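Asks: Have a look at the structure that comes next, please.
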Amino acid sequence: MEHKENKTAVSMTVNGKHIQAEVLPETRLLDVLREELHLLGTKEGCSIGECGACTVLMNGRTVNACMVLAGSADGAEIMTIEGVCGPEGELHPIQQAFIDAGAVHCGFCTPGMIISTLSLLMKNPQPKDDQIQEALSGNLCRCTGYHQIFKAVRLASERMHRKE
Amino acid sequence: MGIEKYIQVTSISEVLSCLGGTSPARIICGGTDMVISLREGSLGEHITLVDISRVKELQQITQDGQDIEIGAAAVMADIAESSCIAESSLILHHAARSVGSPQIRSRGTIGGNIVTSAQCADTIPALLALDAQITLMNSEQSVRTLPISQFLTGPKQTDIRNDELLISVRFPSLAGGVYRGSYYKLIRRAAVAKSRMSFALISAQDRQGIVEDIRISIGSALSTHGRFKEAEKMLIGKKASLDAVEKTAECCVSQVVEQTGIRWSSAYKLPVIKDVLCRELETLLEMED
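Line by line, the protein sequences are chains W and U.
This note's numbering puts the first residue of the first sequence at 1, with every later residue one more than the last.
This note's numbering puts the first residue of the second sequence at 1001, with every later residue one more than the last.
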């Protein structure tokens, strides 16, 4: 049962757009993204911060949206998988690399993997394998596709570097 | 879920004003443990949550003379990346970097790690080896400072009172070259897994190789977090040798048995404690030929 009187207003920037929502104290950032904004790219997997399927960028850092209360994200800048592509909907080089490297199997982990890759390549455009491993250590893939995922990260890094 | 009230604060005084009432408020910061507990319902009903994740004055990492002070709400990612922490602590940045995953390090705080006081808390052995001090403030703004070894009173138990807020943790800087340190975490998987055991060691030797200072702390080994003072005494004032190192490691094993008894995990843990300690001490110390 909802306690309407218990709701508070939060506002944040999601993929460049200013949004407002009325939330219960226990509402998580993940719930706001999926239930209020219908941004279904961010997945709910384990709900306890272990699988990384709900990874989004919050103020430039990767977080598990399942462990952030909506109130804690008040005023924050959030980027989800829906905000990764270009203004005309064109795929980001990381997204294209995931397709080209065959790194998308069932696809459930892919949005989180791509957000973690984006965070890595923003800080470190040409990561070594151990750095890729660390950056993706909070994202699980149960289709055992890590080999292809690593290939995709290397491919994206090469392509983005060549473009610059 | 049982949250009656959620309060967002931006200053220490605001937090403290929420802590004095008859129904004590619960503090939330990164939420990496608290949100799970909330959803499990293990925090109880009708609780007031005070969110301190936006209190800037609790997030600072500063040098104050010879001391390094880390605000309770400093996140693991900042501690892991801080060159000041790396130079002054020798080990705490490794401990912070070993926490969970990048996503968890973005949110999880050192204060949360200390106050939760789990057996497997990654930063606690490092802080014990650094002789860290805890600063608390109560709702009347009076300050209490005590060694972290006294603050941690048992498994998931600390000496924090209902109206107190953990403000910061500080330790004397070890920068300057005399001290060496090592932090080794034994774990099933490199990330997002609870540490099996973690070994935090600090040492100092004089030019002749005499051990002037040695500090040993092992996470998930004792029922109450602490140092291995008896074992440390065995090395201090002596030249480090294979024999001395082995005796020290055996002394640590005895202390574990004395405090925890023989458990189901002992057949695994005790030999591992001895072997890892021998290896880490041999690497850390300049050994007698």
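Backbone N, C-alpha and C define an ideal beta-carbon position, used for all residues, glycine too.
On a predicted model such as this, the values are computed, not experimentally measured, just so you know.
1. In this structure, how does DSSP classify residue 93 (chain W) when only helix, strand and coil are distinguished?
2. Would you grab the beta carbon distance between residue 1156 (chain U) and residue 1117 (chain U) for me? Rounded to a whole angstrom, and I think it's under 8 Å.
3. When you compare the CB of residue 1104 (chain U) with every CB in chain C, is at least one pair closer than 8 Å?
4. Let me know the secondary structure DSSP gives residue 21 (chain W) once reduced to three states.
5. I need the straight-line Cα distance from residue 1108 (chain U) to residue 1208 (chain U), nearest angstrom please.
6. Quick one: is residue 126 (chain W) buried, meaning 16 or more other Cβ sit within 10 Å of its Cβ, or exposed?
7. Judging by CA-CA distance, which residue of U:1167, U:1066 and U:1217 is the nearest neighbour of residue 1053 (chain U)?
8. Nearest to residue 1021 (chain U) by alpha carbon, out of U:1162, U:1125, U:1080 and U:1146?
9. Kindly list the residues whose CB is nearer than 7 Å to the CB of residue 1230 (chain U), restricted to its own chain and excluding five residues on each side of it in sequence; keep chain order.
10. In the DSSP assignment, find the unbroken alpha helix (DSSP H) run with residue 1164 (chain U) in it and report its ends.
11. Does residue 117 (chain W) have its Cβ less than 8 Å from a Cβ in chain U?
12. Can the beta-carbon of residue 1217 (chain U) be found closer than 8 Å to that of residue 1152 (chain U)?
13. Between U:1065, U:1160 and U:1074, which has its C-alpha nearest residue 1173 (chain U)'s C-alpha?
14. Any C-beta of chain U within less than 9 Å: which residues of the region 71–100 of chain W qualify?
15. Does any residue of chain U have a CB that is nearer than 8 Å to the CB of residue 160 (chain W)?
16. Strictly under 8 Å for the Cβ-Cβ distance: is residue 21 (chain W) near chain U by that measure?
17. Could you tell me if residue 3 (chain W) is buried or exposed, where buried requires 16 or more neighbouring beta carbons within 10 angstroms of its beta carbon?
18. Would residue 10 (chain W) and residue 80 (chain W) be called neighbours here (beta carbons separated by less than 8 Å)?
19. 8 Å is my cut-off, CB to CB: does residue 1285 (chain U) come that close to chain W?
20. Output needed for residue 960 (chain U): all residues of its chain with C-beta closer than 6 Å, excluding positions within five of it in sequence on either side, in chain order.
Replies: Concretely, from the data shown:
1. helix
2. 5 Å
3. The displayed structure is made up of protein chains W and U, and chain C is not among them.
4. strand
5. 42 Å
6. exposed
7. U:1167
8. U:1162
9. 1251 and 1255
10. First-last for residue 1164 (chain U): 1164–1172, but that is the beta strand (DSSP E), not the alpha helix (DSSP H).
11. no
12. no
13. U:1065
14. 71, 72, 74 and 75
15. no
16. no
17. Low confidence applies to residue 3 (chain W): its pLDDT is 44, below 50, so where it sits in the model is not reliable enough to give any reading.
18. no
19. no
20. This structure cannot speak to residue 960 (chain U), because chain U is shown only from 1001 to 1289.
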